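Numbering (this note's numbering), first residue to last: 81 to 167. Glycine included, every Cβ here is placed at the ideal spot set by N, Cα and C. Since the model is a prediction, treat every value here as computed from it, not as a measurement.
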């Protein structure tokens, strides 16, 4: 379930400065932590947007040649490029 814009704004405005009731995590605990999207995809689902885009025919054919999942693969390529600062 995605966070609504309203809830997102509430979270951004929250200004708790007293963390005395929060126990400090040990290095061992920190090493065990994993991003929630790696644990359960239902906890983290990026918003998707339907769009129309022009792609060279040969590029599209190569993407589609392995069948189902080509759009997911394309999204993954783009996400990797973004995370590496290439685009």
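Measuring only the C-alpha atoms, how far is residue i from residue j?
{"i": "residue 25", "j": "residue 165", "result": "Outside the displayed range of the chain (81 to 167) lies residue 25, so it cannot be described from this structure."}
{"i": "residue 140", "j": "residue 101", "result": "54 angstroms"}
{"i": "residue 97", "j": "residue 132", "result": "45 angstroms"}
Excluding sequence positions up to five away, which residues of its chain have a Cβ less than 8 angstroms from the Cβ of residue i?
{"i": "residue 167", "result": "158 and 161"}
Going by alpha carbons, who is nearest to residue i out of the options?
{"i": "residue 129", "options": "163, 155 and 85", "result": "155"}
Using a Cβ-Cβ cutoff of less than 7 angstroms, which residues in the same chain neighbour residue i once the five nearest sequence positions on both sides are dropped?
{"i": "residue 150", "result": "143 and 144"}
Item to check | Continuous alpha helix (DSSP H) assignments of at least 4 residues falling wholly in the stretch 91 to 136 | outcome: Annotation note: the stretch 91 to 136 contains the following uninterrupted alpha helix (DSSP H) runs of length 4 or greater, listed N- to C-terminal: 107 to 112 and 116 to 119.
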